[in-house]
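Below: the structure, in structure tokens.
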Amino acid sequence: MHLGKVIGTVVATRKDENLIGTKLMITQPLSMDLKPIGEPIIAVDTVGAGIGEVVLYVKGTASRIAARKMDSPIDCAIVGIVDDITIDN
Amino acid sequence: MHLGKVIGTVVATRKDENLIGTKLMITQPLSMDLKPIGEPIIAVDTVGAGIGEVVLYVKGTASRIAARKMDSPIDCAIVGIVDDITIDN
Amino acid sequence: MHLGKVIGTVVATRKDENLIGTKLMITQPLSMDLKPIGEPIIAVDTVGAGIGEVVLYVKGTASRIAARKMDSPIDCAIVGIVDDITIDN
Amino acid sequence: MHLGKVIGTVVATRKDENLIGTKLMITQPLSMDLKPIGEPIIAVDTVGAGIGEVVLYVKGTASRIAARKMDSPIDCAIVGIVDDITIDN
Amino acid sequence: MHLGKVIGTVVATRKDENLIGTKLMITQPLSMDLKPIGEPIIAVDTVGAGIGEVVLYVKGTASRIAARKMDSPIDCAIVGIVDDITIDN
């Protein structure tokens, strides 16, 4: 899993019909000290994540499992909202 | 999912027979402010995307789901045409 | 497989219900001489790994196999605790 | 899919028996203006590609689909020979 | 597939029980002229590869196919020992 922050949304009216009803969240990958790393990606929300929240997201088949839509063309999904990060280096 | 812009097409006459009839679109990955990032890839169009349009594309198994061709050797597909991107940093 | 070191934990109360009970470990990728390389990722522990231990982790479907939870949205898991690394260059 | 150029071959006598009979082609990834990008990879030929030809190749499960060998340990395959690339920036 | 050189081994006593009996080989990715590229990874040997040998390795599901262990948490495997590399640029 990866750490990210929800920073926006994408609207696509013409899309695969199995994507209808999904929420497409722009998610900024974060380091463990919550710094942005790399380019944002677009993840399907499956846990009610809101703008500004720090989340866990997954890629690939795991994202279709999260969405309970194995026949949807999803390759990234938000699966949790992070409460706490503890580093013991 | 990833954001991209359709910038061209590829023609391949000799190809896997399960690719016959697919439209192979050259897709430039974009940042959320629509700047090119990295090298273009070749995605199968599944939503009627045209040259110049900003699209959502997926990789891996999700692309065969989008194409409704699970027995086709596809690893990237366009699944939506983007109407609007909203960033709330 | 990849080499990593467990350096922390993540708590997410609101999450996919199939993730309930999993231990989310912050794992720092390591080179073979145990130097950090790249950004930490979040892996599900399946072998009782503790903070500070050097571990083997896997990505993708292999991680759901490791967790014995094929219906969980997991894309990274710890599958072994490393005792010894031998390099014969 | 990705664009590449076939630049050589690899011979491996001791190999997985499900790879027997496959042609292992060294494939240089190309940009859309046919410049080399990154390191060559080794792809299984499924369309009769020859040295010097510009090809489409795929990664992952798509490559086993292309090879019609779902039980072979293949993770990259050539699926088409490119006739024409059109860019409309 | 990728080219690599076996440069060492990893021992993990506490590990997923479906990994018992596997040989975990430290594999240095190589360019086609046999120069090291990037960080070594840990691949399961399926062809009797020895230290110092130049090998072909695969990632993802292909590695479980190679190991004939679809229920093992393997995401990288050695599938061939390279005899000859021919480049015709």
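Residue numbers (my numbering), protein chains in the order written: chain P, 1 to 89; chain L, 1 to 89; chain V, 1 to 89; chain G, 1 to 89; chain H, 1 to 89. Note that beta-carbon positions come from the ideal geometry of N, C-alpha and C, so glycine has one too.
Check H/ALA67 in the structure and name its three-state DSSP category.
As a working note, residue 67 of chain H is residue 67 in the fifth sequence. The answer is helix: DSSP assigns H/ALA67 an H, G or I state.
Within-8 Å CB hit, G/ALA12 to chain L
On the fourth sequence, position 12 is the one that residue 12 of chain G refers to. At a cut-off of 8 Å between beta carbons, G/ALA12 makes no contact with chain L.
What are the residues of the segment 2-32 of chain H that lie near chain G, defined by any Cβ-Cβ distance shorter than 7 Å?
Residues of the segment 2-32 of chain H whose Cβ lies closer than 7 Å to any Cβ of chain G, in chain order: HIS2, LEU3, SER31 and MET32.
Can you pull the chain H residues whose beta carbon is under 7 Å from the beta carbon of G/THR61, in chain order?
To locate residue 61 of chain G, count along the fourth sequence from 1; it is residue 61. Taking a Cβ-Cβ threshold of 7 Å, the residues of chain H close to G/THR61 are THR61, in chain order.
DSSP three-state label for H/LEU34, please.
On the fifth sequence, residue 34 of chain H is found 34 positions in, with the first residue counted as 1. DSSP, read as helix, strand or coil, puts H/LEU34 in coil.
Kindly indicate if chain P contains any beta-carbon less than 8 Å away from that of V/ILE42.
For the purposes of this step, residue 42 of chain V is taken as residue 42 along the third sequence, with counting starting at 1. V/ILE42 belongs to the set of residues whose beta carbon lies under 8 Å from a beta carbon in chain P.
Report the three-state DSSP secondary structure of V/THR27 (helix, strand or coil).
Here residue 27 of chain V refers to the residue found at position 27 when the third sequence is read from its first residue. Note: V/THR27 maps to strand in three-state DSSP.
Beta-bridge partners of L/VAL54, as assigned by DSSP
For this step, residue 54 of chain L is matched to residue 54 along the second sequence. Checking the DSSP bridge columns, you'll see L/VAL54 partnered with L/LYS5.
Per-residue DSSP class, three states only, for G/THR86:
Along the fourth sequence, one-based indexing puts residue 86 of chain G at 86. In this structure, G/THR86 counts as strand in the three-state DSSP scheme.
If you measure between the beta carbons of L/CYS76 and L/ILE26, is that distance less than 8 Å?
For the purposes of this step, residue 76 of chain L is identified with residue 76 of the second sequence, where counting begins at 1. For the purposes of this step, residue 26 of chain L is identified with residue 26 of the second sequence, where counting begins at 1. Not in contact: L/CYS76 and L/ILE26 (Cβ atoms no closer than 8 Å).
Using the Cα positions of L/PRO29 and P/ILE74, report the straight-line distance between them to the nearest angstrom.
Working through the second sequence from its first residue, we reach residue 29 of chain L at position 29. Working through the first sequence from its first residue, we reach residue 74 of chain P at position 74. The straight-line gap from Cα to Cα measures roughly 17 Å.
Take G/LYS23 and list the residues in its own chain whose beta-carbon comes closer than 8 Å to its own, dropping the five residues that flank it on each side.
As a first step, residue 23 of chain G is located in the fourth sequence; it is residue number 23 there, counting from the start. Excluding positions up to five away in sequence, the list reads THR9, VAL44 and ASP45.
If the cut-off is 9 Å on Cβ atoms, which residues from the segment 54-81 of chain L count as contacting chain G, listed in chain order?
Residues passing the 9 Å Cβ filter: LYS59, GLY60, THR61, SER63, ARG64, MET70, ASP71, SER72, PRO73, ILE74, ASP75 and CYS76.
Under DSSP, the beta strand (DSSP E) around L/GLY80 begins and ends at which residues?
To locate residue 80 of chain L, count along the second sequence from 1; it is residue 80. 76-81 is the extent of the beta strand (DSSP E) around L/GLY80.
From P/GLY60 to H/VAL54, what distance separates their C-alpha atoms?
Stepping through the first sequence from its first residue, residue 60 of chain P is reached at position 60. Stepping through the fifth sequence from its first residue, residue 54 of chain H is reached at position 54. Rounded to whole angstroms, P/GLY60 to H/VAL54 spans 31 Å at the Cα level.
Over what stretch of residues does the beta strand (DSSP E) that includes V/VAL44 continue unbroken?
To locate residue 44 of chain V, count along the third sequence from 1; it is residue 44. Per DSSP, V/VAL44 is one residue of the beta strand (DSSP E) stretching across 41-45.
Could you tell me whether the Cβ of L/ASP88 comes closer than 8 Å to any Cβ of chain P?
Position 88 of the second sequence, counted from the start, is the residue given in the question as residue 88 of chain L. Chain P, which has a Cβ nearer than 8 Å to the Cβ of L/ASP88, makes this yes.
Among P/GLY4, P/ILE7, P/ALA12 and P/LYS5, whose alpha-carbon lies nearest the alpha-carbon of L/GLY80?
Taking the second sequence and counting its residues from 1, one reaches residue 80 of chain L at position 80. Measuring from the Cα of L/GLY80, the nearest candidate turns out to be P/ALA12.
Just the C-alpha distance for H/LEU3 and H/VAL82, rounded to the nearest angstrom, thanks.
The count along the fifth sequence starts at 1 and reaches residue 3 of chain H at position 3. The count along the fifth sequence starts at 1 and reaches residue 82 of chain H at position 82. Their backbone Cα atoms lie some 8 Å apart in a straight line.
Under 8 Å, Cβ to Cβ, is there at least one residue of chain V near P/ASP84?
Residue mapping note: residue 84 of chain P aligns to position 84 of the first sequence, counting from 1. A Cβ of chain V is located within less than 8 Å of the beta carbon of P/ASP84.
Report back the beta-carbon spacing between V/GLU39 and P/ILE37 to the nearest angstrom; my notes put them in contact at under 8 Å.
Residue numbering aside, residue 39 of chain V sits at position 39 when the third sequence is read from its first letter. Residue numbering aside, residue 37 of chain P sits at position 37 when the first sequence is read from its first letter. In this structure V/GLU39 is in contact with P/ILE37, their Cβ atoms being roughly 6 Å apart against a cut-off of 8 Å.
Does the CB of G/ILE37 have a neighbour CB from chain H at under 8 Å?
Working through the fourth sequence from its first residue, we reach residue 37 of chain G at position 37. Residue-level contact check: G/ILE37 does not touch chain H, since none of the beta carbons of chain H fall below 8 Å from its beta carbon.
Grab me the residues of L/SER72's own chain with a C-beta within less than 7 Å of its C-beta, minus the 5 sequence neighbours each way, in chain order.
For this step, residue 72 of chain L is matched to residue 72 along the second sequence. So the qualifying residues of the chain are ASN18, LEU19 and ARG64.
Compare the C-beta of G/LEU56 against all C-beta atoms of chain B and say whether one is closer than 8 Å.
Checking the listed chains, one finds no chain B in this structure; the protein chains it contains are P, L, V, G and H.
Could you compute how far the alpha carbon of V/MET32 sits from the alpha carbon of H/LYS5?
Looking up residue 32 of chain V in the third sequence gives position 32. Looking up residue 5 of chain H in the fifth sequence gives position 5. Spanning the alpha carbons of V/MET32 and H/LYS5 requires a straight line of approximately 14 Å.
Does G/LYS69 pass the burial test, meaning 16 or more other C-beta atoms within 10 Å, or should it be called exposed?
On the fourth sequence, residue 69 of chain G is found 69 positions in, with the first residue counted as 1. Buried: at least 16 other Cβ atoms inside 10 Å.
P/LEU34 to P/ARG14 span [Cα, whole Å]
Mapped onto the first sequence, residue 34 of chain P falls at position 34. Mapped onto the first sequence, residue 14 of chain P falls at position 14. Those two C-alpha atoms are separated by around 34 Å.
Please name the residue in H/GLY50, H/ALA62, H/ASN89 and H/ALA67 whose C-alpha comes closest to that of V/ASN89.
On the third sequence, residue 89 of chain V is found 89 positions in, with the first residue counted as 1. Selected option, being the one with the closest Cα: H/GLY50.
Please state whether the Cβ-Cβ distance between L/ASP16 and G/ALA66 is less than 8 Å.
Mapped onto the second sequence, residue 16 of chain L falls at position 16. Mapped onto the fourth sequence, residue 66 of chain G falls at position 66. Judged by beta-carbon spacing, G/ALA66 lies within the 8 Å limit of L/ASP16, meaning their Cβ atoms are closer than that value.
Indicate whether H/VAL58 and H/MET1 have their beta-carbon atoms separated by less than 8 Å.
Position 58 of the fifth sequence holds residue 58 of chain H. Position 1 of the fifth sequence holds residue 1 of chain H. One thing to note: H/VAL58 has its Cβ within 8 Å of the Cβ of H/MET1.
Using the Cα positions of P/ILE7 and P/LEU56, report the straight-line distance between them to the nearest angstrom.
If you number the first sequence from 1, residue 7 of chain P lands on position 7. If you number the first sequence from 1, residue 56 of chain P lands on position 56. Approximately 14 Å between the Cα atoms of the pair.
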